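Protein chains: 4
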Amino acid sequence: MPANILGKNFKIISFGESHGECVGVVIEGCPAGLKIDLDQIQKEIDKRKPGQSALTTQRKEEDKFKILSGVFNGITTGAPICLAVFNKDVDSSKYEIIKKIPRPGHSDLPAFFKYNGFNDWRGGGRFSGRMTLNYVFAGAIAKQILEKSGIEVLAHTIQIGKIKAEKQKNEDIRKNKERTLVRCADLKAAEKMENLILEIKEQGDSVGGIIECLILNPPVGLGEPVFNSLESELAKAMFSIPAVKGIDFGAGFGVAELKGSENNDEFFLEQGKISTKTNNSGGILGGISNGMPIVFRIAVKPTPSIAKPQQTINLETKKQEYLKLEGRHDPCIIPRAVPVMESMAAVVLTDLGISGGFIPKVFRK
Amino acid sequence: MPANILGKNFKIISFGESHGECVGVVIEGCPAGLKIDLDQIQKEIDKRKPGQSALTTQRKEEDKFKILSGVFNGITTGAPICLAVFNKDVDSSKYEIIKKIPRPGHSDLPAFFKYNGFNDWRGGGRFSGRMTLNYVFAGAIAKQILEKSGIEVLAHTIQIGKIKAEKQKNEDIRKNKERTLVRCADLKAAEKMENLILEIKEQGDSVGGIIECLILNPPVGLGEPVFNSLESELAKAMFSIPAVKGIDFGAGFGVAELKGSENNDEFFLEQGKISTKTNNSGGILGGISNGMPIVFRIAVKPTPSIAKPQQTINLETKKQEYLKLEGRHDPCIIPRAVPVMESMAAVVLTDLGISGGFIPKVFRK
Amino acid sequence: MPANILGKNFKIISFGESHGECVGVVIEGCPAGLKIDLDQIQKEIDKRKPGQSALTTQRKEEDKFKILSGVFNGITTGAPICLAVFNKDVDSSKYEIIKKIPRPGHSDLPAFFKYNGFNDWRGGGRFSGRMTLNYVFAGAIAKQILEKSGIEVLAHTIQIGKIKAEKQKNEDIRKNKERTLVRCADLKAAEKMENLILEIKEQGDSVGGIIECLILNPPVGLGEPVFNSLESELAKAMFSIPAVKGIDFGAGFGVAELKGSENNDEFFLEQGKISTKTNNSGGILGGISNGMPIVFRIAVKPTPSIAKPQQTINLETKKQEYLKLEGRHDPCIIPRAVPVMESMAAVVLTDLGISGGFIPKVFRK
Amino acid sequence: MPANILGKNFKIISFGESHGECVGVVIEGCPAGLKIDLDQIQKEIDKRKPGQSALTTQRKEEDKFKILSGVFNGITTGAPICLAVFNKDVDSSKYEIIKKIPRPGHSDLPAFFKYNGFNDWRGGGRFSGRMTLNYVFAGAIAKQILEKSGIEVLAHTIQIGKIKAEKQKNEDIRKNKERTLVRCADLKAAEKMENLILEIKEQGDSVGGIIECLILNPPVGLGEPVFNSLESELAKAMFSIPAVKGIDFGAGFGVAELKGSENNDEFFLEQGKISTKTNNSGGILGGISNGMPIVFRIAVKPTPSIAKPQQTINLETKKQEYLKLEGRHDPCIIPRAVPVMESMAAVVLTDLGISGGFIPKVFRK
């Protein structure tokens, strides 16, 4: 089953491999007449880029993108937009081992069986985190569309290991998250998180975390029940990000312990506008946005590539073996996953926004 | 955007309304040649039925289903299967109030704006929990297909309010869950849960919980990355169940606190078969099943319909009001949501199973 | 591959069997707020109904439809609309022979092999012309939507056997086609056609023909190139009508003999509006409507069910046999295919009209 | 509505512009394990290339393709395959005029209104015949897949202007069509066609024609009724080829004049295999292949770009004007359309072949 297409009215098609010719994305359904801000795209890409600090992998990837179609004189034409980064100077030698010896926690084993050994293993191939560059491309375009409708997407780190951020005001998240290496708006927690990551790195290990995403100023009516509800579409997109193992909305898993009288968000009028006192629903009722901020979180597992030796199976000899991975891996992927989450949220919002009629199909001249 | 179709190769199309003529589902892609066990379908429906015990709503719904197409001489033909339950003796009078006065925690408000006031409000219309009958129909067929491939889907309650079940063995879950009114296999916890629900009911309130689903004996290779991964498809389907606010897989949200060396499931050989010692991945790596049991949980919010008065807005007068709901509502939807979760899991598995070539498109004579 | 869904934004899902419980259709994406004219639907159905005259089969089918969902107080709600006709007093005995002995010109043989003998053969099952009732249902709704946008769909017979109608003015087509039993607006040709059909019927044979469809007053911009062009979508829908073996647009197959200077439709201004002098393009350039009437034709083969004995194979004995069909079959299906063509054209137009933004997703109160 | 994706299980996504960076295609669902013959792809591309003879445009396009993803060590991996040709030395100056002055018979006018003037007009942009390179890319891969299943796709010219080819045997079509500049297997007719084209070219005009496509040795059971019938899918794909205005199958439009007893193909046994004496159905009954050769034709209009002056409208001045096109245009596109038709047929066959289970999803090692 072809499975590289996401969305209905703002579709993204992902192609490429980590160590192949390129990674690229085709975006279908982008409204004609959008002036594209190239610097903005590059800025988003740079947030995801490895080698930004001591906290992330020291691999260098010079990710200069190219627009291959769909934009003419700097403006979208209504035709499919193709963006790609051509890979350079890749060294796949360190990955040769995983052809035969699957890494615990990675896709290597099931991919080997699913594709009968034909899948491209270089750099993790199609399962590499590098493929999320495509998500950032698409998200960068989507954000420019959402901006025109006054919708803001804002993701930030709220937990790494056992260190949890305190709740912050939206303006503080906006102001502070990019000031810290971990993209956490609680500056104190951020410092602890940074230290934790350095410590974990020292151990040749990795650590997980939680990222929260806010969608501010959404229209009422986003989401298409019953099967393309706002939650369904966001969840589907989030689980396309490698390493994500959970998602929840509003009060999330906490709802289990709540009574209806506690969990229900009562309505009131705030300057003539219907609002809710609490936002346990995360801005979504019946799968449709109710106008309150949309709030959700994803749980991101610790990077499975670690220096510590791990037991696995040699697929050739059919014997157990210990695998000690080399290469420069991220001790914590969270900081780089923040812009990816933000991007995928923007893509889904744009898709549902066009579907719901909130975003026009052609911008006026 | 039309949004009532789920799946690709085993598609379900949901139609009907809570208090309309009927609720029904069209199932497309069911392999020809499947002998349908009608009793099994009725049994699944009865698990979801209201009025089963003091713990659930006392509304009576006589849910006798009809097969309208796709089955000939008791065997599927390859044509779309339509199943429906025709609604009887519905009394919509108690719902008339929600036309104007949206219930907190319900879809009433955003649905009113999205459909410009035209949506069918009777019994919650298309947003009613009654629509999950369609999921159970489809799931009952899907389970009969999965059974032929030796795949088992098993959901059970693991938390209600603050009461958590202890981990149980698979055979005990299978044996015990249907013995308790809350569908929890930990018999001691089940008793406490039952008492809690009765207490909450007394208060005119409701309570949430968590359900876990196991997929036992799955093939290696289920799931179609990057956008139709096993996690993406299961999550999308789960969020089509009303009241679900979170999903996580394997170690789930717990991964945030784990190190890679703790979270990675090391491979070993068990009687010649590749297995993992732990199952933090929930049986899914890179979006593809690795052969271990697939494990995931959903967080279900407390039923928003409660007897306690709640503040809301009268959409006609544009004034704040207190709403006191009448009618017989579920103090806890969890017991009835268990078969629904199981059904939707079976639907997704069947869809991906056909896509992946694990389930044939025509059964032999 | 599930294959019973047509369209994107106005989707129809067809289910049911000729001699099963019912034939039915689910319509997804119908805008909320449309007041449904039930009489209009019945009128369209009656045009397709058998037993209208001596020219069509004398089978009686009392086709009283039911709306099962999606309409509340006579107005569409935005939820899927399900319409069905429940079959009554079917007599499948005459069809029992085709279980084993496939009719030449019919789907019996490939369907037998495709579905491994499990397909429902009663009355032709899912391949029966009776399934086009579903198209008429959907078309009747679609026409009511198009009417609100001032778009008219008009099909009429232009050839039966070797008898060809002369070109008529649009107002004459509108006025005259329903006056004749063959739905041909050229009254002289119509008479000859009627006589021909009676003669053919006498012979125990059948005859084919050609139907033309006009879409009047279309907006400029309908059609979504490159793969959902107006021609692609109309053609796909037309070939879903049984017995259709060809389609062409504008000058159609005649373009082969034309020079560019003859075939190109030159533009000129007519009261400030851009128009073309000729309409060889059939109102479609580059897969998009150009504002001129959309014109296309379908070739319909003679009904394969005839009284004359024909050679075929007994699938059980694997021997050649002569098959002499009983039952009351249409000597010419064209008159009854006219409303079906019109319906499918309306369905496609509505789908593309919503996609292109020409039809709103919610009608105002 | 995004509209650049064709197919379900073997999907092609077309992007690029005639004078943009590149034209490219993403192919999704190509089975893993296919050894790709690069020379074969280049050979197919060269057949479509302009400048092959005096009969086609003298523009030179050096179409050296690149595989950007999905192939590793010369073998498909199961990941999306991206192929592209990067455009070189394009000169768009001659097209600047069509920004304001739409060409009769071209997409210029409706595209201008549809995309609000933002569409890329250079070289016809997305509506250029150059986009069919993408179809040939995809077809070249598809043909290599079909070859493994013993299915052959064979298109050839049967009419140009009023010159019609005599019916040829399949082996003669295979042998002779590439020997003639017009890809017509009737060598005498071919010569006349060549002379006609040269004459028409002299006149600054163009001419249309008809191409026939044969699919030899198809399995029984291809096609997914009711909406993805073999005819529907082929027709949809064919109308994605610019300039196509008609399609018919088997006896095609001729069925109008036939009686059922003439048109029905009687079954008989030929060496134990069920066969038909005639093939008026074009190998398709009920939308499903019956094992006989699949036969269909497309009508291709004369190239609208001609040197003769034609009346049109200046969109800026809103006045009538005469347009005299410069540049080197094809006097007859038929010879170059033959490989394009063949390619799209191969794409559809592969898609339906995978859907029907006739083509495996992974080739064995």
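From first to last, the protein sequence lines stand for chains C, L, F and Y.
Straight run, no breaks: the first sequence in the numbering used here ends on number 366.
Straight run, no breaks: the second sequence in the numbering used here ends on number 366.
Straight run, no breaks: the third sequence in the numbering used here ends on number 366.
Straight run, no breaks: the fourth sequence in the numbering used here ends on number 366.
Cβ coordinates follow ideal geometry from the N, Cα and C atoms, glycine included.
Nothing here was measured: the structure is a model prediction, and the numbers come from that model.
Along the stretch 220–241 of chain C, going in chain order, the ones with a CB nearer than 7 Å to a CB of chain L are V221, G222, E225, P226, V227, F228, N229, S230, E232, S233, A236, K237, F240 and S241. When only Cα atoms are considered, F:V296 and F:L215 end up about 5 Å apart.
Within the same chain, and ignoring the five residues on either side of Y:E22 in sequence, the residues whose Cβ sits closer than 7 Å to its Cβ are F87 and N88. By the Cβ-count criterion, C:Y136 is buried, with 16 or more other Cβ atoms from all chains shown falling within 10 Å of its own Cβ. Annotation: C:K366 has no Cβ neighbours in chain F at a cutoff of 8 Å; minimum Cβ distance is about 16 Å. Using a 10 angstroms sphere on the CB of L:K67, the tally of other CB atoms stays under 16, which defines it as exposed.
By the 16-neighbour rule on beta-carbons within 10 angstroms, F:N10 is buried.
In the structure shown, the three-state DSSP call for L:E167 is coil. A straight-line Cα-Cα distance of about 36 Å links L:S290 and C:A190. When Cβ-Cβ separations below 8 Å define contact, F:P340 makes no contact with chain Y.
By the neighbour-count definition (other C-beta atoms within 10 Å, threshold 16), F:T318 is an exposed residue.
Across the set Y:F138, Y:S356 and Y:I164, the C-alpha of Y:F138 shows the shortest separation from the C-alpha of Y:D40. By the rule that beta-carbons nearer than 8 Å mark a contact, F:K362 touches chain C. If you draw a straight line from the Cα of Y:F73 to the Cα of L:D38, it comes to about 47 Å. In the DSSP assignment, Y:N315 falls within the beta strand (DSSP E) that extends over Q311 to N315. Residue state for C:R298 is assigned as strand, using DSSP reduced to three classes. In the three-state DSSP reduction, F:L270 falls in the strand class (E or B). Inclusion of F:A257 and Y:G210 in the CB contact set at 8 Å is warranted, their separation being smaller than that value. Bridge partners of Y:Q145 according to DSSP: none are assigned. If you look at Y:D47, you'll find it isn't in any beta strand (DSSP E); it sits in the alpha helix (DSSP H) that goes L39 to R49. Nearest C-alpha to C:K36 among C:T78, C:E63 and C:G255: C:T78. Distance from C:I201 to C:C333 at the Cβ level is roughly 7 Å; contact confirmed, criterion being Cβ atoms closer than 8 Å. At the C-beta level, F:G151 and F:N196 stay beyond 8 Å of one another. Note that the C-beta distance between L:S207 and L:T304 is below 8 Å. Listed as beta-bridge partners of L:D249 by DSSP are C:G247 and L:R298. Residue environment analysis places Y:E271 among the exposed positions, since fewer than 16 neighbouring C-beta atoms fall within 10 angstroms of its C-beta.
Runs of the alpha helix (DSSP H) lying entirely within the stretch 171–200 of chain F and spanning at least 4 residues, in chain order: 171–177. By the Cβ-count criterion, Y:A55 is exposed, with fewer than 16 other Cβ atoms from all chains shown falling within 10 Å of its own Cβ.
According to the DSSP assignment, C:F16 belongs to the beta strand (DSSP E) that extends over K12 to G17. Here DSSP, grouped into helix, strand and coil, assigns C:S241 to coil. If you draw a straight line from the Cα of F:D47 to the Cα of F:T181, it comes to about 15 Å.
If you look at L:L69, you'll find it in the beta strand (DSSP E) that goes F66 to S70.
For the pair C:A244 and L:V154, the Cα-to-Cα distance works out to about 24 Å. When Cβ-Cβ separations below 8 Å define contact, Y:E97 makes no contact with chain C.
Fully enclosed beta strand (DSSP E) runs of no fewer than 3 residues occupy 66–70 and 82–87 of the stretch 49–135 of chain F, in order along the chain. Judged by DSSP in its simplified three-state form, L:G255 adopts helix.
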